[in-house]
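Engineer: Sharing a structure, written as structure tokens. Questions coming.
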Amino acid sequence: MEPTEIILSFVISYIAGIIPTEWFSNHKSMKEKLDLCFKSAVYKWTNNPDTQNAVGEQMDKYLPQLKDFIAHKPIGRHPRENDLLRLWAEEILNDTECNQFFLEYEHQIMALKLEEECITAKEILEDTNNIKAQIEQLKNRGITKSSVYWEQWASGPNNIKLNTSILLAGREAEKQKVIESCNAPCCLYVEAASIKEAKAFVVASIISESSALTERTVIATNNEAYKDIVENCNGMIFITDIQENAHYVVSRGHTVFLCICPSDKSNDACTIHLPILDREDFISSLVEIGINDDKARSLAVDSMRDISILRNLLDFTDKTPVWQTTENIRLIIPALLLGEWNEDWQDDKDLVKLMTAKEYDTYIEEITPLLFVDETPLIRIGKIWKTKSPYDLLKQLVVYITSSHLERFAEVVEWVLQDDDPDAEEKMNEKGLHWWQNKQAFSGRLKEGVFQSLTLLSIVTSRNQNNKDWVNSFIERKIKDFNLKRYLTHRHNLQWLVEASPSSFIKFIQNDIKKGSLLLNQIMDVKHKDFSIIGTEIYYSELLFALEALAWDEQYLFDTTDILMYLCSYRNDSNYANKPINTLLSIYRFGLPQTYAPFETRLEILKSCATKHPKTISSLCVLLLKGLSEQVFMPNAHFRWRMRERKEAPNYIPSIPTTHVIAIVQLLLATSEFSVENIKEMVNLSFDNYLRGCRTMFLDAISKCKDKIKGNEEITDCFREKINWHLQCQESNWALSKEELVPFEKLLCEIESDDILIKNKYLFEDFLIKTPDYKDFDNDFLKKNKETRETRAKIIKQIIDKKGLDAVWSFAEIVKHKEGVANAIYDLYGTDIHDEIYRKYCNGYLSKIFVNRYFFSVYSGQGKSAYMSIIEELSSISQKHISIILSAPGYQQTLADFASTLSKDVEKEYWEDVNILNSPEEEYGNIIWKLCSVKRYTDILHIIQIKNDEIIIATDIKIRILHEMIANGAWDVLRNHIYEISEVLKTISLPKDNTQKSILLQMEFIMYDNLCHYMNTHEIHLMQEINKDPSLLMEIYAMVFKADDGVEEEYPKDNTQIESKLAMAQLAYRFIHNYHEVPCSSPTGEVNENALSEYFEELKRLAKQYNRTSILPIIIGRILGNFRETKDYPPEIFCRFVEHFNDNRIDSEIRCALYNRRGMTTRSPFEGGTIERHHIKTFTKYRDKARYYSPRLVNIFEGLIKEYQLMAEKEDNEAKLLDITN
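Position one of the sequence shown corresponds to residue 203 (the numbering used here), numbered consecutively onward.
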């Protein structure tokens, strides 16, 4: 017995007062429970405390209504009361104690009798049973219970059963309206793409909400049976497409859901239009019923999330859509083969005319009604016509496609293929920035639609004719005509052609290789661009994607691999990840290989390619083995329809058999040339924990070559680096134990050089031999430094003992850390051999780094006085090279003074080399000029930034230094240290001296393009001056714009002067581009109207003086366009200026400024025109504010509003297309 029936009987008996009192002896709180359930329902029903208190105490009033509500009697009540009663019934059902009570006394409750004047529970149940009986009698006449209807609708082949959530995805608001309508008699229209979907949606909404509502719900398809049940039943919910007498049905106390399609008439006031299903929820619903995620996503794309199409794709048995008449099929086939087209393109319409043999307008007039039929096969978004699901539609109509259709379609495809981009090759080879005009005849949408149809014809089988052979034959003939221009034109649709005829594509590539790779040589050439985000452009991506998709099919894997191996031979220095070798890696990787071929097949293919491509196979094996530890992969491209039944996305990476790994290692060893690079790769792999089972194989293979590689520094360094790294990280899980490292150490001893110099070179690679422990860095650093010096001193001593001191000089030149050798020499000999070291340096045997470090140690160890004696001694040997001795200790005033007494060359060399980091502040002035004389501008900026003090470093010094940097062309320093320069400029007050002022403004003008990113406008002196002095602004504009017509100006004839003028013009242009200020305004944006008016008057005078009156409106318009868009925008002062000038050109500049200020936008692909509508709202507010002050501004804003409305509509249409096709 249903719980609702038990509650109904109890409520009736409770109201009548015939519940035996002993029933409540074990459930003394039952009455209180009913009251608590009521109060709980009231609290959920309303948030108003007063209403809660008033209604919560009136349970007795609502008990009789609860009986009527559960019995579904059509008593007129306010919808809010229905909500309360529904909530109360649910609270009683959900209460554990109530449920226990009802179960205990179920039979007694049903046996109770009411008094004569009351309706007994038995009578009510009999009435309910009578309704059920009537439904049973009428079910064969077109009346179906909702539960039965859902079971039939949701059940499909292969044990597929759709869930309710697939119809409710993204339709929560619409579902809520349905549920609300069930609580009171009413009529609600439900419009969907098909009547079937509308019915299923209402049923799903009710079933997912309440079993009580489900029992009252039936689907009516027969008019007579519908009328009968309306008259004989109470409180029913009808779902139907019979629109007759809906209001009469409501008057009888029933709820009616009228299900309609777009072509049906309805009352908009009481209609819900079902939106397209949410993508992710739709996919999740399919996954929940056991469909693989990849297949679910494919179904979402192919069905456009239309439930009727989805059922067709899942092979549900449905009636043929009513629109599929002979005449409509004849009309739809041309549209099906074209796929889609754009009405804005005349040539698209011409192809429609060619395909239909009718005038375009005539065909559109005939086909337009199909947009609104039930289960429509077409959609139109903006100017785009498109078949809803080309795959599903072709499956249904392929038998109706005749040879005449194919002949016309072949002509269409030929037209599309011949529509080459005349600029394709020029675009590929263009290095600079270039704006191109589209010179092709057909839209990209038509091309994609045509190629998709060509693909589908080869995949969807027909019992009438062999379309697959027709497509293969057609493509094989046409692809032969593909030269570079045609490939570049159609490369974005290449994958459709490959999916349509894989064998034709493979033959085409193989033939090109046989003929010398005329096409591939050009495609695989990486182009280096001057204007590119990453510096390079590649044109082979689509080729790789096509090969990736082909590789999924085992029958094409060998040919695909062979082609990819060949493509790996091309030099590729691009920054892109999609390279042929990476495509091969994805296809053949151990975990989740991007092919359906088993490992055994993949291995045989690699072995068969080993003879032809041994180097590529070897490189691939290394990458495969390195990839064993990777856990994140990028999937390869996949055909859309071919092999769609095998497409799936695994949820985990399966375990990799050891035999597979060993097989690849064996293949690597068999194909390796055992070059130095090969052996280094093997060494690195042998340390990998994932390859512990293959470690012996690698070491044995390397051991066989030990005579060949003995003494090779790269290999021994590789071994040593790995061993040391594992020894230093013994606490880590990945590190090999000391026992495991023994074979590596043994092999290292066997292959390292016997030469003591080469053997110990690695000890002088860095500042320290071993890295300090990060846990105790400070203490450990001192310890490691001491150990390093002691060890190195011992090594140098061994070298001297074995080969003599001269060997040390040679050794110092071949090691990286020459300072380590110098420290060791000092530790061993002190100053005993300083003269010999100096002589060696003078004769060119020792490097400056070595000598500098040695004498730094001497100065540190011996002190200034002893060092001066050494200088005098060494000066007698050679004064020409003495600067190295003077600069070694760093800046010391005594040594600097001594250098100044020597030749200019020695002094210059001293200032080029000396370290000035620890120089005293009082010497900064002198040091800066000395450094400036040798162009050490970076060090100068460092000093100025550290001591940015006017007392220590005067303003005039800063200005002169910056000016000299520009004058000497130190552009690298200026660009790389613009932040430091900006910090220096912030500390400089505008000089009163006109010469210095002019220099400062010129510098800021030249560097403005970079400074504006690091300084606020009010911090830049140039901007401060321009905002006060219009002559500066006019001078800058005059650099960019030519003089007025009829005025001739003298132009420089000297090439140097011409280049200088062009450079200044470019700087001026960039300044104007970045100039967004309003003169005579404060830092807070307040504009002085009188001052700005005078500024404009002065600009007029200057425009005549400079013969630039033609550009005056541009200047004024840009200034006015720079007014800040604050909350009171447009301000009245702005409006007055616009009306004062009354110039269309000024208005145009203001419009451009307002438009450009919005900048570029990024958005979600499915967002639509939300950004544009936000701008429309803003400009509407501006227009309304300007209405009473400036008619000209009103026109500007209205023009912008119209432009953004068009853009919003365009973005909306693009978003809709993207949404339904992805």
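Just so you know, even glycine gets a beta-carbon here, dropped at the ideal spot from N, CA and C.
Just checking my contact of Gly1323 with Leu1301 at CB under 8 Å: how many whole Å lie between their CB atoms?
Structural biologist: For this step, residue 1323 is matched to residue 1121 along the sequence shown. For this step, residue 1301 is matched to residue 1099 along the sequence shown. A Cβ-Cβ separation of about 15 Å leaves Gly1323 out of contact with Leu1301 under the 8 Å criterion.
Engineer: Return yes when the Cβ of Ser776 is within less than 8 Å of the Cβ of Ile740, no when it is not.
Structural biologist: On the sequence shown, residue 740 is found 538 positions in, with the first residue counted as 1. On the sequence shown, residue 776 is found 574 positions in, with the first residue counted as 1. Their beta carbons are under 8 Å apart, which means Ile740 touches Ser776 by this criterion.
Engineer: At what residues does the beta strand (DSSP E) containing Glu847 begin and finish?
Structural biologist: To locate residue 847, count along the sequence shown from 1; it is residue 645. Here Glu847 belongs to no beta strand (DSSP E), and DSSP marks it neither H nor E.
Engineer: Along the chain, where does the beta strand (DSSP E) that runs through Ala422 open and close?
Structural biologist: In the sequence shown, the residue the question calls residue 422 occupies position 220. Counting along the chain, the beta strand (DSSP E) containing Ala422 begins and ends at 419-422.
Engineer: Determine the closest residue to Asp909 out of Leu887, Ser955, Cys896, with distance taken between C-alpha atoms.
Structural biologist: For this step, residue 909 is matched to residue 707 along the sequence shown. Closest option to Asp909, Cα to Cα, is Ser955.
Engineer: The alpha helix (DSSP H) with Glu567 in it runs from where to where?
Structural biologist: Locating residue 567 in the sequence shown gives position 365, counting from the first residue. Note, Glu567: alpha helix (DSSP H), 562-569.
Engineer: What do you get for Lys814, buried or exposed, if any count of 16 or more other CB atoms within 10 angstroms of its CB means buried?
Structural biologist: Counting from one through the sequence shown, the residue named residue 814 turns up at place 612. When all chains shown are included, Lys814 counts as exposed.
Engineer: The alpha helix (DSSP H) with Lys1404 in it runs from where to where?
Structural biologist: By 1-based counting over the sequence shown, the position of residue 1404 is 1202. Residue range 1393-1423 is occupied by the alpha helix (DSSP H) that includes Lys1404.
Engineer: Could you give the first and the last residue of the continuous alpha helix (DSSP H) run that contains Ile1201?
Structural biologist: As a first step, residue 1201 must be located in the sequence shown, where it is residue number 999. Annotation for Ile1201: the continuous alpha helix (DSSP H) segment containing it runs 1196-1213.
Engineer: Given Thr657, which residues of its chain have a CB within under 7 Å of its CB, disregarding the five upstream and five downstream residues?
Structural biologist: For the purposes of this step, residue 657 is taken as the residue at position 455 of the sequence shown. For Thr657, where only same-chain residues beyond five positions count, the Cβ hits under 7 Å are Trp698, Glu701, Ala702, Trp843.
Engineer: By the three-class DSSP mapping on this structure, what secondary structure does Thr1364 have?
Structural biologist: Here residue 1364 is taken as the residue at index 1162 of the sequence shown, counted from 1. Of the three classes helix, strand and coil, the one that applies to Thr1364 here is coil, per DSSP.
Engineer: What are the uninterrupted segments assigned as alpha helix (DSSP H) that are 4 or more residues long and contained completely in the region 1289-1361, given in chain order?
Structural biologist: Within the region 1289-1361, the complete alpha helix (DSSP H) runs of at least 4 residues are 1291-1307, 1314-1323, 1334-1343, 1346-1359.
Engineer: List the whole-angstrom C-beta distance separating Ser349 from Thr416, where the pair is believed to meet the contact cut-off of C-beta under 8 Å.
Structural biologist: Sequence index remark: in the sequence shown, residue 349 carries index 147 (1-based). Sequence index remark: in the sequence shown, residue 416 carries index 214 (1-based). With 8 Å as the limit, Ser349 and Thr416 qualify as a contact, their Cβ atoms being about 6 Å apart.
Engineer: Just verifying my parser: in three-state terms, what is the DSSP assignment at Arg582?
Structural biologist: On the sequence shown, position 380 is the one that residue 582 refers to. Note: Arg582 maps to strand in three-state DSSP.
Engineer: Is it true that the region 476-484 meets the region 391-408, where meeting means three or more beta-carbon pairs spaced less than 8 Å apart?
Structural biologist: A contact exists between the region 476-484 and the region 391-408.
Engineer: By a C-beta neighbour count over all protein chains shown, 10 Å radius and 16 as the cutoff for buried, is Ala799 buried or exposed?
Structural biologist: By one-based count along the sequence shown, residue 799 stands at place 597. That one is buried.
Engineer: Check whether the region 820-827 and the region 859-877 touch, using three or more Cβ-Cβ pairs below 8 Å as the test.
Structural biologist: At 8 Å Cβ cutoff, the stretches touch.
Engineer: Using the C-alpha atoms, what's the distance from Ser1135 back to Leu1088?
Structural biologist: One-based indexing of the sequence shown puts residue 1088 at position 886. One-based indexing of the sequence shown puts residue 1135 at position 933. Those two C-alpha atoms are separated by around 18 Å.
Engineer: In whole angstroms, give me the CA-to-CA distance for Phe676 and Met506.
Structural biologist: Numbered from its first residue, the sequence shown carries residue 676 at position 474. Numbered from its first residue, the sequence shown carries residue 506 at position 304. Approximately 30 Å between the Cα atoms of the pair.
Engineer: Using alpha carbons as the reference points, say which of Met836, Asp520, Lys731, Phe841 lies closest to Pro704.
Structural biologist: Residue 704 sits at position 502 when you count from the first residue of the sequence shown. The shortest Cα separation from Pro704 among Met836, Asp520, Lys731, Phe841 belongs to Phe841.
Engineer: Can you name the start and end residues of the beta strand (DSSP E) that Val392 belongs to?
Structural biologist: For the purposes of this step, residue 392 is identified with residue 190 of the sequence shown, where counting begins at 1. Its beta strand (DSSP E) spans residues 389-393.
Engineer: Identify the continuous beta strand (DSSP E) that holds Glu542 and give its terminal residues.
Structural biologist: Here residue 542 refers to the residue found at position 340 when the sequence shown is read from its first residue. Segment 542-544, the beta strand (DSSP E) holding Glu542.
Engineer: Give the range of the alpha helix (DSSP H) segment to which Leu869 is assigned.
Structural biologist: Translated into the one-based positions of the sequence shown, residue 869 becomes position 667. 860-873 is the span of the alpha helix (DSSP H), which, as asked, contains Leu869.
Engineer: Taking all protein chains shown into account, decide if Gln1000 is buried (16 or more other Cβ within 10 angstroms of its Cβ) or exposed.
Structural biologist: Your numbering for residue 1000 matches position 798 in the sequence shown. Burial call: exposed.
Engineer: Excluding the 5 residues preceding and the 5 following Ser1283 in the sequence, name in chain order all residues of the same chain whose CB lies nearer than 6 Å to its CB.
Structural biologist: Counting from 1 along the sequence shown, the entry for residue 1283 is found at position 1081. For Ser1283, where only same-chain residues beyond five positions count, the Cβ hits under 6 Å are Val1289.
Engineer: Tell me whether Trp247 sits in a helix, a strand or coil according to DSSP, three-state version.
Structural biologist: Taking the first residue of the sequence shown as position 1, residue 247 is located at position 45. Helix.
Engineer: Apart from the five residues just before and just after Ile1016, which ones in its own chain have a Cβ nearer than 8 Å to its Cβ?
Structural biologist: Within the sequence shown, residue 1016 is the residue found at index 814, counting from 1. Once the five neighbours on either side are set aside, the close Cβ partners of Ile1016 are Leu959, Lys963.
Engineer: Straight-line CA distance for Ile345 to Asp470?
Structural biologist: Position 143 of the sequence shown, counted from the first residue, corresponds to residue 345. Position 268 of the sequence shown, counted from the first residue, corresponds to residue 470. Going by C-alpha positions, Ile345 is about 27 Å away from Asp470.
Engineer: When DSSP builds the beta bridges, which residues end up paired with Cys920?
Structural biologist: Taking the first residue of the sequence shown as 1, we reach residue 920 at position 718. For Cys920, which the question treats as bridged, DSSP gives no partner whatsoever.
Engineer: Name the two residues that bound the continuous alpha helix (DSSP H) containing Thr1258.
Structural biologist: Here residue 1258 refers to the residue found at position 1056 when the sequence shown is read from its first residue. Start and end: 1257-1276.
Engineer: Report all residues from its chain with a CB closer than 7 Å to the CB of Asp1158; omit the five preceding and five following residues, and keep chain order.
Structural biologist: The residue you call residue 1158 lines up with position 956 of the sequence shown. Cβ neighbours of Asp1158 beyond the five flanking positions: Gln1198.
Engineer: Lys347 lies in the alpha helix (DSSP H); which residues open and close that run?
Structural biologist: Numbered from its first residue, the sequence shown carries residue 347 at position 145. Taken as a continuous stretch (DSSP letters only), Lys347 belongs to no alpha helix (DSSP H), being part of the beta strand (DSSP E) at 345-347.
Engineer: What does a CB cutoff of less than 6 Å around Ala753 pick up in its chain, not counting 5 residues either side in sequence?
Structural biologist: Looking up residue 753 in the sequence shown gives position 551. If we look at Ala753 and ignore the five residues flanking it on each side, its Cβ neighbours are Leu759, Thr762, Ile789, Thr797.
Engineer: Unbroken alpha helix (DSSP H) runs of length 4 or more, entirely within the region 1090-1170: which are they?
Structural biologist: 1095-1102, 1106-1115, 1126-1135, 1139-1148, 1157-1169
Engineer: Can you tell me where the alpha helix (DSSP H) holding His815 begins and where it ends?
Structural biologist: Sequence index remark: in the sequence shown, residue 815 carries index 613 (1-based). Careful: His815 lies outside any alpha helix (DSSP H) and carries neither H nor E.
Engineer: Contact defined as beta carbons within less than 8 Å: I believe Tyr1406 pairs with Cys1337. What is the distance between those atoms, to the nearest angstrom?
Structural biologist: Position 1204 of the sequence shown, counted from the start, is the residue given in the question as residue 1406. Position 1135 of the sequence shown, counted from the start, is the residue given in the question as residue 1337. Wrong, their Cβ atoms sit about 22 Å apart, outside the cutoff.
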